[in-house]
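Residue numbers (my numbering): 2 to 252.
Note sheet for the following structure.
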Amino acid sequence: KHNVRHSSSGTATYNIQPNTFRHVFLDLEKTKNQPSVEQVLMIAIKADSISLKIGDKTIFDAANIEIKKNQITGIIGKNGAGKTTFFDLLCAIRVPDQGSLRNFTRQQSYLSQTLGMPAGLSMKEIYEMTGSLLCDPIPSLLHTQETFGKWDMRLAEKFTEMLKKRPNHCSYGEIRFFFTLSLISFSKDLLILDEPTAGVDPECRHYIWAFLKRARENGTTVVVSSHNIQEICEHCDSFNLIHQRRFSTFN
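And the structure:
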C-alpha cells in the first residue's frame, strides 16, 4: 500500500506499509532522500549509509545498496564479511546503528544457514507446518506438486519422494534443497536465501537455480548468497560484493 502525503514545498513522502513482517524504517521524515513513485515501483530494497557494529567489530560502515524488484541478486563476500548479518537486517532481526534501510516488499521468506526440524515428523508434515506458519491461506501440497510437475517432472518426482522421508534420513544437502523448493512454492514477494546450494549435489543445484528463475518470472525478487562466484555470475542478474564493510555492485 502506498500512502502519498504532499508537503507545502511540493515534496512527496511515501510510507510503504508491509502487511506481514515489521521492517526497518529509519529517517523516513527526511524527504530529500525519498525515492520517486517510479523508483518505488522498481526497487525492492534500498539501504542508504547503513552502519552496524557488533561488539568491537564494525560490520557495515556507511554502506549503500539498491536491489531491484523481480530480479535475482547475488550477495558474495569472504567468511565474516556480513552476508548473513545483512539478511538479518532485511528481516528486522537486527537494526542498523545508523542510516536508512527500506524494504518495499510486502511478504518475504528467509532460508537461514542453520536449519532445525522436529525429528519425529515426516518431511510432508514439516512442509505443511512451515506453510501454516508462513502463509494465509495455507498452500495446497497437491497444487505445489502439480506446479513442480509442469516445471520439471523429474524434479517433481524427487520432491514427492522426499516428502515420505524423515529428517534423520536426509542429508544436509537434501534438507537445504527441500526447504529451498518449499519456500519457492510459497510465492512470496521476496525470497532471501543464505547459501541455498551449500552441500547440495550438482543435480539438485541445477534444479534450485532453474526454479529460482521460474520464481523470478512469476514476480518474486530473489536475494541469494553463495561462496561459489561462478554460479552467482552465471545465474544472477547482478551481484554485490561485500568488501571493506561496503557493497560493490556488479551487473
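Backbone N, C-alpha and C fix where the C-beta goes; we use that ideal spot for every residue, glycine too.
Q) Taking the alpha-carbon positions, what's the Leu191 to Lys214 distance? A) 13 Å
Q: Return the first residue and the last residue of the beta strand (DSSP E) that Ala211 is part of.
A: Ala211 -> not in any beta strand (DSSP E); alpha helix (DSSP H) instead, spanning 203 to 218.
Q | Gly117 to Ser52 span [Cα, whole Å] | A | 31 Å
**Q.** Spatially closest choice to Thr250 from Trp210, Ile60, Gln72, Ile76, by CA coordinates
**A.** Ile76
Q) Who are Lys58's beta bridge partners in DSSP? A) Ile55
**Q.** Cα-Cα separation, Asn104 to Ala64
**A.** 16 Å
(Q) Pop quiz: Gly83 and Ile243 are said to be a contact at Cβ under 8 Å. What is the actual Cβ separation, rounded to whole angstroms? (A) 5 Å
Q | Val25, buried or exposed, once every other Cβ within 10 Å from all chains shown has been counted against 16 | A | With a pLDDT of 39 at Val25, under the threshold of 50, the predicted position of this residue should be treated as unreliable, though the coordinate-derived value follows. With 16 or more Cβ atoms within 10 Å of its Cβ, Val25 is classed as buried.
Q: State the Cα-Cα distance for the pair Ser172 and Met163, rounded to the nearest angstrom.
A: 11 Å
Q) Between which two residues does the alpha helix (DSSP H) harbouring Ile193 extend? A) Per DSSP, Ile193 belongs to no alpha helix (DSSP H); it is in the beta strand (DSSP E), 191 to 195.
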